[in-house]
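Protein chains in written order, with the working numbering: chain A, 658 to 980; chain B, 20 to 411; chain C, 128 to 410. Heads up, the beta-carbon is just placed ideally off N, CA and C, and yes, glycines get one too.
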Amino acid sequence: MSEPRALCGSSDQPSATGGVRTFRSPVSPARRRAFTETLAAWALAGPAVFFLFVLFFMPVIGVFVIALTDWQFGARSLSFVGLANFREVFADVGFRASVVNTVVYVLIVVPGTVVFGLLIALLIESGKSCRSFYRAIHFLPFMATLTAMAIAWEALLHPTIGLVNQTLAAIGLPTANWLRDENTALPVLAVIGIWQNLGYAMVLFLAGLKSIPQDLYDAADVDGADLWLDRLRTVTLPMLGPVSMFVVIVVALRAFECFDTVKVLTQGGPGHATDVLLYTLYRESFEYLRTGYGAAVAVVFLVIVVTLTLVQTRVMDRKVHYQ
Amino acid sequence: MASVSIDSIRKNYGPTSVLRGVSLSIADGEFLTLLGPSGCGKSTLLRILAGLEVQDAGSVSIGERAVDGLRPKRRDVAMVFQSYALYPHMTVASNMTLPLRMRRLSAFQRLPLLGRLLPGTARIAAEIDVEVTRTAKSLGIGHLLARKPGQLSGGQRQRVAVGRAMVRHPAVFLMDEPLSNLDAKLRVQMRAEIKELHQRLGVTFVYVTHDQAEAMTLSDCVAVMLDGELLQVAPPQDIYADPDDRRVAEFIGSPKINMLDGVVRERDLIDVAGSTLTIEADALAGAHLTLGIRPEAFHLVDHGGQGALTGSVRMIEHMGSDLFVHLDLAGVDHPLIARLLAERAPHIAPGQTLHVGVRPDRVLLFARNGRRLRREVETGRASVRPIREIAR
Amino acid sequence: MSLTTSANRLSPPAAILRHAVLLVAGALILVPFVWMVSLSIKPPGEIFRASFSFWPAQFYGVENYTKALTQAPLPRYMGNGLIVCALILALQVLVCAPCAYALAKLRFPGRDLLFGMVLIGLLLPHQVLSLPLFILGYQLGILNTYAALVFPYVVSPFGIFLFRQFFKTVPDDLVHAARLDGLSEIAIVWKIMVPMALPAVIAFSIFSVVSHWNDLFWPLIAVRDQSLMPPPLGIMAFKNEEAGNDYGPLMAASTLVVLPLVIAFLAAQKWFVEGITGGAVKQ
Numbered sequence: 658m659s660e661p662r663a664l665c666g667s668s669d670q671p672s673a674t675g676g677v678r679t680f681r682s683p684v685s686p687a688r689r690r691a692f693t694e695t696l697a698a699w700a701l702a703g704p705a706v707f708f709l710f711v712l713f714f715m716p717v718i719g720v721f722v723i724a725l726t727d728w729q730f731g732a733r734s735l736s737f738v739g740l741a742n743f744r745e746v747f748a749d750v751g752f753r754a755s756v757v758n759t760v761v762y763v764l765i766v767v768p769g770t771v772v773f774g775l776l777i778a779l780l781i782e783s784g785k786s787c788r789s790f791y792r793a794i795h796f797l798p799f800m801a802t803l804t805a806m807a808i809a810w811e812a813l814l815h816p817t818i819g820l821v822n823q824t825l826a827a828i829g830l831p832t833a834n835w836l837r838d839e840n841t842a843l844p845v846l847a848v849i850g851i852w853q854n855l856g857y858a859m860v861l862f863l864a865g866l867k868s869i870p871q872d873l874y875d876a877a878d879v880d881g882a883d884l885w886l887d888r889l890r891t892v893t894l895p896m897l898g899p900v901s902m903f904v905v906i907v908v909a910l911r912a913f914e915c916f917d918t919v920k921v922l923t924q925g926g927p928g929h930a931t932d933v934l935l936y937t938l939y940r941e942s943f944e945y946l947r948t949g950y951g952a953a954v955a956v957v958f959l960v961i962v963v964t965l966t967l968v969q970t971r972v973m974d975r976k977v978h979y980q
Numbered sequence: 020m021a022s023v024s025i026d027s028i029r030k031n032y033g034p035t036s037v038l039r040g041v042s043l044s045i046a047d048g049e050f051l052t053l054l055g056p057s058g059c060g061k062s063t064l065l066r067i068l069a070g071l072e073v074q075d076a077g078s079v080s081i082g083e084r085a086v087d088g089l090r091p092k093r094r095d096v097a098m099v100f101q102s103y104a105l106y107p108h109m110t111v112a113s114n115m116t117l118p119l120r121m122r123r124l125s126a127f128q129r130l131p132l133l134g135r136l137l138p139g140t141a142r143i144a145a146e147i148d149v150e151v152t153r154t155a156k157s158l159g160i161g162h163l164l165a166r167k168p169g170q171l172s173g174g175q176r177q178r179v180a181v182g183r184a185m186v187r188h189p190a191v192f193l194m195d196e197p198l199s200n201l202d203a204k205l206r207v208q209m210r211a212e213i214k215e216l217h218q219r220l221g222v223t224f225v226y227v228t229h230d231q232a233e234a235m236t237l238s239d240c241v242a243v244m245l246d247g248e249l250l251q252v253a254p255p256q257d258i259y260a261d262p263d264d265r266r267v268a269e270f271i272g273s274p275k276i277n278m279l280d281g282v283v284r285e286r287d288l289i290d291v292a293g294s295t296l297t298i299e300a301d302a303l304a305g306a307h308l309t310l311g312i313r314p315e316a317f318h319l320v321d322h323g324g325q326g327a328l329t330g331s332v333r334m335i336e337h338m339g340s341d342l343f344v345h346l347d348l349a350g351v352d353h354p355l356i357a358r359l360l361a362e363r364a365p366h367i368a369p370g371q372t373l374h375v376g377v378r379p380d381r382v383l384l385f386a387r388n389g390r391r392l393r394r395e396v397e398t399g400r401a402s403v404r405p406i407r408e409i410a411r
Numbered sequence: 128m129s130l131t132t133s134a135n136r137l138s139p140p141a142a143i144l145r146h147a148v149l150l151v152a153g154a155l156i157l158v159p160f161v162w163m164v165s166l167s168i169k170p171p172g173e174i175f176r177a178s179f180s181f182w183p184a185q186f187y188g189v190e191n192y193t194k195a196l197t198q199a200p201l202p203r204y205m206g207n208g209l210i211v212c213a214l215i216l217a218l219q220v221l222v223c224a225p226c227a228y229a230l231a232k233l234r235f236p237g238r239d240l241l242f243g244m245v246l247i248g249l250l251l252p253h254q255v256l257s258l259p260l261f262i263l264g265y266q267l268g269i270l271n272t273y274a275a276l277v278f279p280y281v282v283s284p285f286g287i288f289l290f291r292q293f294f295k296t297v298p299d300d301l302v303h304a305a306r307l308d309g310l311s312e313i314a315i316v317w318k319i320m321v322p323m324a325l326p327a328v329i330a331f332s333i334f335s336v337v338s339h340w341n342d343l344f345w346p347l348i349a350v351r352d353q354s355l356m357p358p359p360l361g362i363m364a365f366k367n368e369e370a371g372n373d374y375g376p377l378m379a380a381s382t383l384v385v386l387p388l389v390i391a392f393l394a395a396q397k398w399f400v401e402g403i404t405g406g407a408v409k410q
C-alpha cells in the first residue's frame, strides 16, 4: 500500500514547486482574496465577538477582580486584599453548610435521576407500543416552569391539607412538616430535583439506546446471550457506558445549579438546612450586597462547574474513540 | 454438520410480502449462496434461518430437526454479520469466548465475581480460552486477542467475526454480505479465505450476497432470489449458461444479456430484428418468443443475411482485450451489445454498419411469460415440458 | 424468565408488566400537575377540608382563574415573558448565525482563537457572571427595564456552536455557487445557511425560549417593577403577596404559567425533545 502512495507523491512534486513561483508577486490575487475573506469574516463575527467580550469575558474577569479586592457597591476606589474574601468565605459556618448541603443534594439527585431515568428509558425502549406517550409524561416536569411547579409542590407537601400527609395519615404512617423540618427539607428538595430531571436523563438514555446497532443484539442472540439479563449485560449496559457518564455529569451540573425550588420553597431554611451554593451566591450578592463575599462564592462555584464540564468533554472525546 | 431444509416460507411486513413461499433444500456440507438484488428478501430468509425473525408460514429444519420454535441459541447456527457486529467494548478474545461462555457456563457461573468461585468455572473457562486461542491462530489473528475491535483493520475485524462464529463448531454457518464493507482488493482476498475455510471445515454454509462474482466463485450452488421468490437453484455455471427464467438471465452477467423479440417462421427459423436466425425452436409457426443472447455469443461476419444480425454502430467501449460494441438494430428500441475480441475487430467506427453472427447453441429462448424454453434434445430434465405446448 | 422472544418482541406477561410499571411511574410523575389543577378549581373551603377527590364538590374554577387574572397582573407577566423571550431569541439568531457562518465556512487568521472563545463561553455558568452583569446594567442605567432582562443573553455561545456544527455540514460547493450567483456573504448567511440549517434553528429556538421563559435567577436580579416581571418572578411575587393562603387563585395562576410550554411541548414533542437534548452539549 505504501509504495504507490510514494509514487503519487513524487509525481505531485514538480507541479507544487511550479505553483510556488507564480505566488511571488507582492500583492497576488490569492492574497487579496484572503484579505477580503478575513475582512468579511471579522465583519460577520464582529457583533458576536463584541458581546462575547462585554457579556462573558469582562464579567468573568470582573468576578475575579471583585473577589480579590475590597470593592463595594457604589465605591469609587478599591484596593487589593488578596485572598481575604476567600478566607472569610471559608471561615463562615454558613458557607460551609451551603457547600455540604449542595454536595448532599447532588449526591441524592444524581443517582436518583440517573437510575430512575435509565429504568424508565429501558422500559420504554423494551416495547414498541405507547413509546411517545410515556416519553411525554416523564419529560413533562422538565418542560414545566419550575417556579410554578414548586408552588404546586408546596401545596402537595402542606403539613395539614397536602396530599402527601393525607396519604401517609390514611395508611397510618407518620407525617411531617416537610419543608419546615431541618431533617426533611433538603431531601424533599432533592426529590423535587429528581422529579424534574428524571425525564431529561430518560431522553438522553433513549437517544443512547437508539444508537445501539440492532446487529449487536442479533449477534448476542446467535451467540446465546438471549435472556433479557444477558442481553442487558452483554450489549445494552456496556454500549450505554459513555452515555451514562455523560448523563451523570450533565445531571450533576444541573443539580449544582439548583436555585428555583430553594428560593420559592425554603429560602435556605430552616436554619441553613437548604442553603445551597447558588442561593448563597444570590443572597450574599444581591440581598446583603456583600459583593466581595458574593464574588468569592461565585469563583468557587465557577471552579466546580468548569471542572465538571471539562471532565464531561473528556468523556465525550472518549466516546468518539469507542467505535 | 447438517443439511438444511426450508419449506414454503412466507413473511410479510405489514402489507408488503417479503417472502412468498420459498422452499429450498441445502445438502450437508454444501456452500449455498442466496443471490439477489437488495430488497429481494434474501437477508430476511437468512435471518429466519438463524431464528432472528419468525416466519408467518412454512417451516425450517436443520439436520432433520424442525427448529421453528427454537431461539437462535438452540439452532446450532453461527452467523457473520455485514457490519460484523463485534462488541466494541470487549477485546477480541472476549468477543470470541462469549458464545462458548453462554453455552457452557450456567447463569450463576457467569456472575461477575462470584461466578469464578463456583466449582468448575475455572476449568471450563480455561478450556474455552484454549479453544479460542487455537481458533484465533488458525485464522491468523492470534496476536490480536488483547485488542478491541476499534483498533483493528476491516479485514482483521472480518476474521474476528468469522472466528467468533467458528469457535462453537456450528452445524451451519450463516453469512450476511460479510465482504461488502471491505475494499475491492481485500474483498478478493477474503473471498478466497472463506472458500478455503469452507473446504477446511466441511460444514454447511449459507451465504447471502448481491455480488455475482462472490456467488459465482464461492458457491457449490446458487439460489437466485427476486421479489421474495426463488427463481432458480443451480450450480454457478448453470445459472449463467442455462437459466430457467428470463429474470435470472438478465440478473446474471455483465454487460447484461441481450433480449430480442422474435417470431417463429417455421421449424428451425426465427425472424428477429429484420433478420432470420437458424435456431431449432421446435415451436409452432407464428409463436412469439424472446431470444436471450449473451454479448460474447456474437462474432463478426462479412455479410448480413440468414444467421446474422445487421445494425449500425452507436458506440464502442474499449475494455482492453475486448470491445463492447453497441449496435442499433432495425425495429429494436435498445441497442444490442456484442462483446468482440479486440484483435479480430480492428477498425470499427460509430455509424458504420456491422454484421454479427450468432452461435445457435448459445441462444436462450424464453416464452412470453419469461419461462425458459428448452430444446428437447439438449435437456434431460423430466420437469421441462415440450416446448410446443408452452410456446403456444 | 425471558422477556423477549426470538423476534425481539415482548412476551405478553412482560408487556403487561412494562405497561403497569410505566403507568404507575407516569401517574406519580403527574401527581403535582394533577394536584395543582385540582386545587385551582376548588373553593377555599374545600381546599382546607382535606380530601383526596380530584373534582370539587362545588366548581370554583371560574372564580379562581378570574382572580388569578385580575388580582395579579398575570396577563402582563405572560406578555412580558413573551416579549423577553422573543427579543432574546431574535437577537441571538441575529448575532450568532453570521459568526457561526464565519467559523464554519471562512478561512481567516484568528478563527481558531475565536472558536476557542466560544468554547470558553460555553463553559461559563451564567449565574457566575450575574454580579458584574448587574453592575454593568446599573452603569448603563438600564436596570429595571426590558433591556435589563434581555442584554446578558444577546450572544449565545451555545447558539454559535450549534449553528457552526450545522453550517459545516452544508457543502462548500453550495457556498461557492452562491458567490458565483453574486450573493454577498451576509446574504449567504440568511438566504442559504439559515434556511438549510432550519432544524438547528428550530432546536435552538426551543432551547432558548424554554430556558428564558422558565428562568427565575436573572429576572430576580434585573427587575423590581411588577409591570416588568416575567412569569416565574411574577408568580413568586403573587405567592408572597397572598402569603400562600389563597391557594385556589395561586394554583390557577401556576397552571396558567405552566400551560403554554406544556401545550407547545405536547403539540411538538419530537422537536422539543431534540431541542432540549441538543442543549445537553451546553448544559
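How many whole angstroms separate the CB atoms of residue i and residue j, which I take to be in contact at a CB cut-off of 8 angstroms?
{"i": "proline 798 of chain A", "j": "isoleucine 403 of chain C", "result": "Incorrect: roughly 12 angstroms between the Cβ atoms, too far for contact."}
{"i": "alanine 76 of chain B", "j": "arginine 29 of chain B", "result": "4 angstroms"}
{"i": "methionine 205 of chain C", "j": "serine 381 of chain C", "result": "Actually they are not in contact, since the Cβ atoms of methionine 205 of chain C and serine 381 of chain C sit about 13 angstroms apart, beyond 8 angstroms."}
{"i": "leucine 938 of chain A", "j": "valine 954 of chain A", "result": "5 angstroms"}
{"i": "leucine 328 of chain B", "j": "alanine 292 of chain B", "result": "6 angstroms"}
Below 7 angstroms CB to CB, which residues in the same chain sit around residue i once its five sequence neighbours on both sides are set aside?
{"i": "asparagine 207 of chain C", "result": "Leu355, Met356, Pro357"}
{"i": "valine 960 of chain A", "result": "none"}
{"i": "valine 245 of chain C", "result": "Pro284, Ile287, Phe288"}
By the criterion of Cβ-Cβ separation under 9 angstroms, what are the contact partners of residue i in chain C?
{"i": "phenylalanine 737 of chain A", "result": "Simply none; closest approach about 17 angstroms."}
Run down chain C in chain order and give the residues with a C-beta less than 7 angstroms from the C-beta of residue i.
{"i": "phenylalanine 796 of chain A", "result": "Val400"}
In chain order, what residues of the same chain have a beta carbon less than 8 angstroms from the beta carbon of residue i, not counting five sequence neighbours either side?
{"i": "phenylalanine 913 of chain A", "result": "Thr759, Val763, Leu934, Leu935, Phe958, Ile961, Val962, Leu965"}
{"i": "isoleucine 276 of chain B", "result": "Ala268, Glu269, Gly311, Ile312, Arg313, Pro314, Leu383"}
{"i": "valine 956 of chain A", "result": "Val720, Phe721, Ala724, Phe743"}
{"i": "leucine 249 of chain B", "result": "Val41, Ser42, Leu43, Ala242, Val243"}
{"i": "glutamate 285 of chain B", "result": "Ala304"}
Quick one: residues in its chain with C-beta nearer than 6 angstroms to the C-beta of residue i, no 5 flanking neighbours on either side, listed in chain order?
{"i": "alanine 195 of chain C", "result": "Leu201, Pro376, Ala379, Ala380"}
{"i": "alanine 952 of chain A", "result": "Val720, Ile723, Ala724"}
Give the residues of chain A in contact with residue i, contact being defined as C-beta atoms less than 8 angstroms apart.
{"i": "phenylalanine 100 of chain B", "result": "Asp872, Asp875, Ala876"}
{"i": "alanine 229 of chain C", "result": "Ala697, Ala698, Trp699, Leu701, Ala702"}
At 7 angstroms on the CB atoms, spell out the chain A contacts of residue i, in chain order.
{"i": "proline 91 of chain B", "result": "Asp878, Val879, Asp883"}
{"i": "phenylalanine 179 of chain C", "result": "Gln823"}
{"i": "alanine 97 of chain B", "result": "Val879"}
For residue i, return the contacting residues in chain B, with the cut-off set at a CB-CB distance below 9 angstroms.
{"i": "methionine 896 of chain A", "result": "Tyr106, Pro107, His108"}
{"i": "threonine 891 of chain A", "result": "Tyr106, Met109, Leu117, Met121"}
{"i": "aspartate 887 of chain A", "result": "Met121, Ala126, Arg129"}
Along chain A, which residues have their Cβ under 9 angstroms away from the Cβ of residue i?
{"i": "alanine 69 of chain B", "result": "Asp875, Asp878, Val879"}
Cβ contact (3+ pairs, closer than 8 angstroms) linking the stretch 813 to 824 of chain A and the stretch 341 to 354 of chain C: No: fewer than three Cβ pairs fall under 8 angstroms.
Ordered list of beta strand (DSSP E) runs contained in the stretch 789 to 849 of chain A, each at least 3 residues: Listed in chain order, the beta strand (DSSP E) runs fully inside the stretch 789 to 849 of chain A amount to none, counting runs of at least 3 residues.
Runs of alpha helix (DSSP H) lying entirely within the stretch 192 to 267 of chain C, each at least 4 residues, in chain order: Segments of the alpha helix (DSSP H) lying fully in the stretch 192 to 267 of chain C: 201 to 232, 238 to 250, 257 to 267.
Inter-stretch contact (C-beta, 8 angstroms, three-pair minimum) for the stretch 316 to 334 of chain C and the stretch 385 to 402 of chain C: Yes, the stretch 316 to 334 of chain C is in contact with the stretch 385 to 402 of chain C.
Contact the stretch 339 to 352 of chain B vs the stretch 385 to 394 of chain B: 3+ CB pairs below 8 angstroms: The stretch 339 to 352 of chain B and the stretch 385 to 394 of chain B do not touch, with fewer than 3 CB-CB distances between them shorter than 8 angstroms.
Validate contact between the stretch 817 to 834 of chain A and the stretch 732 to 739 of chain A using beta carbons, cut 8 angstroms, 3 pairs: The stretch 817 to 834 of chain A is not in contact with the stretch 732 to 739 of chain A.
Contact the stretch 133 to 147 of chain B vs the stretch 877 to 897 of chain A: 3+ CB pairs below 8 angstroms: Remark: fewer than three beta-carbon pairs, one from each stretch, lie closer than 8 angstroms, so the stretch 133 to 147 of chain B and the stretch 877 to 897 of chain A are not flagged as touching.
The stretch 108 to 117 of chain B / the stretch 856 to 868 of chain A touching (three or more Cβ pairs under 8 angstroms): The answer is no - the stretch 856 to 868 of chain A does not touch the stretch 108 to 117 of chain B, with fewer than three Cβ pairs under 8 angstroms.
Runs of beta strand (DSSP E) wholly within the stretch 263 to 346 of chain B (minimum 3 residues, chain order): At a cut-off of 3 residues, the continuous stretches assigned as beta strand (DSSP E) that sit fully inside the stretch 263 to 346 of chain B are 277 to 285, 288 to 291, 294 to 297, 307 to 312, 317 to 319, 327 to 337.
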